[in-house]
Amino acid sequence: MVRRFVPAALFSSLLAIPLLIFPLRLRGEIRDVRVKIVADEEWRHDPDWVQKAEAGLRAISTDFERLFEIRLLPGKFGSWESDDSVASMERLANDLDSRSDKEDCDILVALTAQPNLSHGLLGYSLFKEGLVMVRAADDATSFARTMKHEIGHVFGAVHVSDPASIMDVFLKGKDFDDLNREAIRLVRGRLFNTVEFPIPKPVRPGAIELYSRICAVIESSERQRKLGWRDLPGIRASLDENGRRKAPELGDAHLLLAQICIEEKRYDEAARACLAGLKINRGNLEAQNLLGIIDRKQGRIDQAIRRYQAVLKADPGHPRVHYNLGIAYARKGDLESARGAYEKAVELKPRSAEAHNNLGETLLRQGNIGEAEKELGLAASLNPQFALALANLADLALRKGDFAKARELLDRALKIDSEIPSAWIISGNLAFREGRPAEAVQHCLRALAIDPDYDKGWFNLGVFQFGTNEPASARASFEKAVGINPYFAEAHASLGCCLIKQGIVDDGVAEILVARKLGFHSAVTHLNLSFAYITKNKLDEAIAEAEQAIALDASQPMAYNNLGVAFTKKGMLPEAERQFEKAVRADPRCRDGWLNLGILCYQTGRADLALEHLLEAFMLGPKDGALCNNIAVLYFRRGEFRAALEYAEKAGAAGFKVDPDFLASIKKRLNGRDGT
């Protein structure tokens, strides 16, 4: 978010810089931009305020249409109540943004005549939000000049120290300087009313080059700043004593450059722009916020959190920083702290679709389906074009088993933005749940083609690969996920499961314990640990983990099965049998439960019941050669030799080496007088 400040260091005219060359557009391609104008209670004391505001906007529109093929159309007029206790235009603008509704307009122009505002600023703008605030002026010319200056910021113009430019830090000029003209022409197609970054992706490389050149000129003016620019003739007359003391310096070009570089993942360039901006204005909180984003993007989560907390110590009412703090906590796996940060962001900015979405996503990760649905629904209603919120609602529908609703929401999300990785991941989950694992993998690969560093993409790819019995591929995917995000607890837990399945038990347990340390506690994690401890013959630990799994999810059949195995190894056969019976009651398709129950019955001399249970296991997994061989043995002992031969042949076909003497005995009985 670019924050517009006034007064800064003087430097030589930007006209000396060679201009960038951009493709020419055909004249007549006018872009209509609708503007909603609202006035506070003090401004509305003038009964003609609507006519005056409309006349000022139309005059500005004439220049914008002539220079940039942008037509500013007065859409709606309304009122707002400015908080008399607020003395800062920045705070007043952010407060209005937190509760404003532009309806079907693109730009919101707010007019204020509040008498308690501190001196020094005549206007203020929020670039991403498309909001402009203009203060009461003594004459119509000054009012129109301020509005033109601020709307220029909305289209990417930045401060200069060129007295002939309307973007001069002291509002001395009348027209846009050449480089700001190029900036507005380049950014004229910017997006409004979107959660995405407003400058479209195809334009960003050119924008980085242009703003880099502007920043270079600003930085070259350091000599003039050291000479004491605030005392140069004419400047003292421009500001009162309070304005001279608090006037920020040129920094918005650096901040905008940093934001574009962040969007393009050019993090080192973004950091350099922020640091250069801080040399100009050491107290720039937005530069610190952006440095926090850069830290987070490059994996320095704790450092990012410290930066955000420092900004909030200086400005506790900064909703965007609370939101960014929530993202950092969520990436670290601290979901409770993330939730608190998002709730504060929502409190400060109730109309933030992004904050409601992230709060909903956090609640979803915590298993709070009802509250998650409420927050995600709010996000989608605040911005019906918010593809990510629709994708998260699809994820919620999928978790509730409503596949049709999930598909409908995904179709809407991908129609709005087909380049949103999470929507493809959720599409993959839907395909996997519907029995199309190959399609699920392809959806994951599509997400990773969009963002190769998408940790959740690698994680879900691993889930699909593990589900199709590809533990080696799944392991590689999970390792990629934790390599990108070492705080990704679920990926650590799943990597541990893969390692255990591959027989690398100690490493697997270590990964699961990392996940637990990161705050991830799930029935599946306890279940995997119980299996690992069984393989290590740590039976008491195995029992404790299985019981914790059941405490979290009593419907987990394999938790009962693992309890049964541990009790069997401890010689507690009646208790083991009860647990195996609970496993198959919890899920009649629990093959391991039937298999272990059959083996236990055989060991305790109940061959007929054993055969009954083993046949249930066979129906659920007919390719198990060892199981087929055991069924053949039981049939043989019952004297059912044809059935014994049938299952012995099934065992051989499945790759099990059947004892030749056993086969010979079956055939002998079939061919002899004892055959049946």
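Take the sequence shown: its letter number 180 is residue 331 in my numbering, and every next letter is one higher. A virtual CB, placed ideally from N, CA and C, is assigned to each residue, including glycine. This structure is a prediction, so every number in the text was calculated from the model and none was measured.
{"Asked": "CB contact flag (residue 531, residue 547, <8 Å)", "Found": "no"}
{"Asked": "Spatial distance of residue 364 from residue 275 (CA atoms)", "Found": "24 Å"}
{"Asked": "Sheet register partners of residue 299 (DSSP bridge)", "Found": "BP columns for residue 299 are empty, so no partner."}
{"Asked": "Supposed contact pair residue 696 and residue 681 - C-beta distance, whole angstroms, cut 8 Å", "Found": "4 Å"}
{"Asked": "Cβ contact (3+ pairs, closer than 8 Å) linking the stretch 235-244 and the stretch 348-360", "Found": "no"}
{"Asked": "Exposure label - residue 399; buried when at least 16 CB within 10 Å", "Found": "At residue 399, the pLDDT of 45 sits below 50, so the modelled position is not reliable; the number obtained from the coordinates is stated separately. Residue 399 comes out buried."}
{"Asked": "Cα-Cα separation between residue 486 and residue 480, rounded to whole angstroms", "Found": "7 Å"}
{"Asked": "Residue range of the unbroken beta strand (DSSP E) whose run includes residue 311", "Found": "Looking at the DSSP string, residue 311 is not in any beta strand (DSSP E), and its letter there is neither H nor E."}
{"Asked": "Other residues of its chain near residue 388: CB distance less than 8 Å, five sequence neighbours each side excluded", "Found": "Reliability of the predicted coordinates at residue 388 is poor, the pLDDT of 31 falling under 50, and the value obtained from them is presented with this limitation in mind. If we look at residue 388 and ignore the five residues flanking it on each side, it has no Cβ neighbours."}
{"Asked": "Same chain, Cβ closer than 7 Å to residue 461, neighbours up to 5 away in sequence not counted", "Found": "439"}
{"Asked": "Beta-carbon gap between residue 320 and residue 312 smaller than 8 Å", "Found": "yes"}
{"Asked": "First and last residue of the uninterrupted beta strand (DSSP E) at residue 225", "Found": "221-230"}
{"Asked": "Helix, strand or coil at residue 755 according to DSSP, with G and I counted as helix", "Found": "coil"}
{"Asked": "Cβ shell of residue 489 (< 6 Å), same chain only, five flanking positions each side left out", "Found": "477, 480, 481 and 513"}
{"Asked": "The stretch 636-650 touching the stretch 660-669, judged by at least three CB pairs closer than 8 Å", "Found": "yes"}
{"Asked": "Identity of the residues DSSP links to residue 151 by a beta bridge", "Found": "The structure shown does not extend to residue 151, since the chain is modelled only from 152 to 827, so the question has no answer here."}
{"Asked": "Exposed unless 16 or more other CB atoms sit within 10 angstroms - verdict on residue 822", "Found": "exposed"}
{"Asked": "Contact set for residue 267: own chain, Cβ-Cβ below 8 Å, skip 5 residues either direction", "Found": "235, 236, 237 and 238"}
{"Asked": "CB-CB length for residue 778 against residue 769, believed under 8 Å", "Found": "6 Å"}
{"Asked": "Pick from 806, 645 and 653 that is closest to residue 664, judged by C-alpha positions", "Found": "645"}
{"Asked": "Coarse secondary structure for residue 273, derived from DSSP in three states", "Found": "coil"}
{"Asked": "Burial state of residue 523 (16 or more Cβ within 10 Å)", "Found": "buried"}
{"Asked": "Within 8 Å, strictly: CB atoms of residue 454 and residue 446", "Found": "yes"}
{"Asked": "Residues of its chain near residue 212, where Cβ-Cβ distance is below 7 Å and the 5 sequence neighbours each way are ignored", "Found": "222 and 223"}
{"Asked": "Paired residues, beta bridge with residue 326 - DSSP", "Found": "316"}
{"Asked": "Coarse secondary structure for residue 279, derived from DSSP in three states", "Found": "coil"}
{"Asked": "Residue 349 burial status per 10 Å Cβ neighbour count (16 or more: buried)", "Found": "buried"}
{"Asked": "Residue environment, residue 686, which counts as buried when at least 16 other CB atoms sit within 10 Å", "Found": "exposed"}
{"Asked": "Residue environment, residue 310, which counts as buried when at least 16 other CB atoms sit within 10 Å", "Found": "buried"}
{"Asked": "Between the CA atoms of residue 418 and residue 405 - distance to the nearest angstrom", "Found": "14 Å"}
{"Asked": "Rounded C-alpha distance that separates residue 384 from residue 293", "Found": "Unreliable placement is indicated for residue 384, whose pLDDT of 33 sits below 50; the coordinate value is still reported in the next sentence. If I take the Cα positions, the gap works out to 21 Å."}
{"Asked": "Residues near residue 724 by beta carbon distance below 7 Å, same chain, minus five either side", "Found": "751 and 755"}
{"Asked": "Rounded straight-line distance, which links the Cα of residue 279 to that of residue 332", "Found": "19 Å"}
{"Asked": "8 Å Cβ cutoff met for residue 264 and residue 291", "Found": "no"}
{"Asked": "Residue 585, buried or exposed, once every other Cβ within 10 Å from all chains shown has been counted against 16", "Found": "exposed"}
{"Asked": "Residues sharing a beta bridge with residue 186, DSSP", "Found": "225 and 258"}
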